[in-house]
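Residues 539 to 794 in my numbering are what the sequence shown spells out, letter by letter.
Below: the structure, in structure tokens.
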Amino acid sequence: MAVLSAERIKITTTKSPLWCSVIIVVLALGFAAIMGAVAKSALTSSDVQGAPDLDTAVATAGISGFGIMVLMIMAALAVTSEYRFGTIRTTFQAVPNRASVLIAKAGLIGAFGAVLTFVLAFGSYAVAKAMAGTEASTGLTLSTGDDWRAIYGIPVYAFLCVILAVGVGSIIRQSAGAIALLLLWPLLIESLFGLFGSVGEKITPFLPFANANHFLSPGGGSLDFHWGPWGSLIYFAAFVLVIFGASIVIVNRRDA
Numbered sequence: 539m540a541v542l543s544a545e546r547i548k549i550t551t552t553k554s555p556l557w558c559s560v561i562i563v564v565l566a567l568g569f570a571a572i573m574g575a576v577a578k579s580a581l582t583s584s585d586v587q588g589a590p591d592l593d594t595a596v597a598t599a600g601i602s603g604f605g606i607m608v609l610m611i612m613a614a615l616a617v618t619s620e621y622r623f624g625t626i627r628t629t630f631q632a633v634p635n636r637a638s639v640l641i642a643k644a645g646l647i648g649a650f651g652a653v654l655t656f657v658l659a660f661g662s663y664a665v666a667k668a669m670a671g672t673e674a675s676t677g678l679t680l681s682t683g684d685d686w687r688a689i690y691g692i693p694v695y696a697f698l699c700v701i702l703a704v705g706v707g708s709i710i711r712q713s714a715g716a717i718a719l720l721l722l723w724p725l726l727i728e729s730l731f732g733l734f735g736s737v738g739e740k741i742t743p744f745l746p747f748a749n750a751n752h753f754l755s756p757g758g759g760s761l762d763f764h765w766g767p768w769g770s771l772i773y774f775a776a777f778v779l780v781i782f783g784a785s786i787v788i789v790n791r792r793d794a
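Here you go:
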């Protein structure tokens, strides 16, 4: 409990978690409003071509696509900032069990991120529906399992991403390197496998973030996964735990 209290004080008394939270809220609700407005304009304007069908996954894409990336940055900074300013040495002197420090950081930020994204998921749904109007939001419902999974899957995904970010930050220890890897990994690195033709198509279903996206929106791609959405969640969770476990081993073996 003392470790949890100490980590809570660190998180609540610094400015970066506050600003990251504000950015997440703006991205979530702002993207939902834009998607709702685009869907409404597509009904009456011939200039809007190729507008995506407005459903729950599209309405909440501001969180799952952008907001959680900011959440990962916040989680990584919670570790790398201590290494940058040298306070991690004091932390490990006060708490010799280094694993408990990393678990406390991941648990607190993960719980906060899960609650925040869960509330924003419903908020994004409501904003998109209001902006789109009755006719343009006919596909924006919570009538199927996929629709509900796009809502409650986001906090689960957010929690796992925080654990991953804390693990990556603990391994790399530098803010720039950790943030670059966490952003480029889902945005660029995994996308590059699509350039390798049939070989890339066979590898992509085994990539972690591809499985996370399959869990959130199983009908959103043409990839042939070897398991269903829940299998993808288990696969992504196992990958996250491996990275986090490796970070604990590395932190215990090297000097602070």
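Using N, Cα and C, we set each Cβ at its ideal position, and we do this for glycine too.
Item	Value
Just to confirm the assignment, what range does the alpha helix (DSSP H) spanning M610 have?	I606 to F623
State the Cα-Cα distance for the pair K548 and L565, rounded to the nearest angstrom.	25 Å
Would you kindly report the start and end of the unbroken alpha helix (DSSP H) that includes V665?	R636 to A674
For the candidate residues G732, F630, A784 and S602, whose alpha-carbon lies nearest to that of S697?	A quick correction: the sequence has Phe, not Ser, at residue 697. Ranking G732, F630, A784 and S602 by Cα distance to F697 puts S602 first.
Helix, strand or coil for V633, going by three-state DSSP, please let me know.	coil
I need the DSSP call for W686, collapsed to helix, strand or coil.	helix
Taking contact to mean 3 or more Cβ pairs, one atom from each stretch, closer than 8 Å, check whether the region 743 to 758 and the region 718 to 729 are in contact.	yes
Roughly how many angstroms separate the alpha carbons of I772 and W765, rounded to a whole number?	10 Å
So, does the region 629 to 649 touch the region 668 to 688, judging by three or more C-beta pairs under 8 Å?	no
Where do the N-terminal and C-terminal ends of the alpha helix (DSSP H) with S512 fall, by residue?	Because the chain in this structure spans residues 539 to 794, residue 512 falls outside the shown range and cannot be described.
Output the boundary residues of the alpha helix (DSSP H) element that contains W768.	P767 to R791
Along the alpha helix (DSSP H) that carries L581, what are the first and last residues, could you check?	K553 to T582
Using a Cβ-Cβ cut-off of 7 Å (strictly less than) and excluding sequence neighbours within five positions of G600, which residues of its own chain qualify?	L565, A566, G568, F569, A570 and S662
Can you give the beta carbon distance from A716 to A614, rounded, assuming they're within the 8 Å contact cut?	4 Å
Take every Cβ of the region 734 to 746, pair it with every Cβ of the region 639 to 656, and state whether three or more of those distances are shorter than 8 Å.	no
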